[in-house]
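According to the working numbering, the sequence shown is numbered sequentially starting from 20. Positions of the beta carbon are idealized from the N, C-alpha and C atoms, including for glycine. Heads up: the structure comes next, in structure tokens.
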Amino acid sequence: IENLWRQRIDERIRVDCRMTLVARFGSSALSVCTVTNTWSGTLQDEGALPAQWVRQPEFLVGIRTPPHDRPAGGLC
Numbered sequence: 020i021e022n023l024w025r026q027r028i029d030e031r032i033r034v035d036c037r038m039t040l041v042a043r044f045g046s047s048a049l050s051v052c053t054v055t056n057t058w059s060g061t062l063q064d065e066g067a068l069p070a071q072w073v074r075q076p077e078f079l080v081g082i083r084t085p086p087h088d089r090p091a092g093g094l095c
């Protein structure tokens, strides 16, 4: 069950990354900040990711279970 959950979350992250492509989605595109803030604190080894990981989703290799006491707010 955990592997299926991780697979589904990984798929969702990749969809969100693709949804930032303004050339493809126009005004419906998500902002990079929205995607970064949404997944902040959820990715494994987040500090090791490139600054523009949203534009390079091939770097996403894992997710961790988010802590229940994660502070609100984002990076952008």
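Specify, as a first and last residue, the run of the alpha helix (DSSP H) that residue i falls within.
| i | result |
| --- | --- |
| residue 132 | What the structure shows of the chain is the stretch from 20 to 95, and residue 132 is not part of that stretch, so it cannot be assessed. |
| residue 42 | 41 to 44 |
| residue 26 | 21 to 37 |
Does the Cβ-Cβ distance between residue i and residue j come in under 9 Å?
| i | j | result |
| --- | --- | --- |
| residue 38 | residue 46 | no |
| residue 54 | residue 41 | no |
| residue 75 | residue 51 | no |
| residue 57 | residue 28 | no |
| residue 23 | residue 35 | no |
Can you give me the Cβ contacts of residue i inside the same chain, cut-off strictly under 7 Å, excluding the 5 residues immediately before and after it?
| i | result |
| --- | --- |
| residue 44 | 38 |
Who are the Cβ neighbours of residue i in its own chain at under 8 Å, not counting the five residues just before and after it?
| i | result |
| --- | --- |
| residue 65 | 59 |
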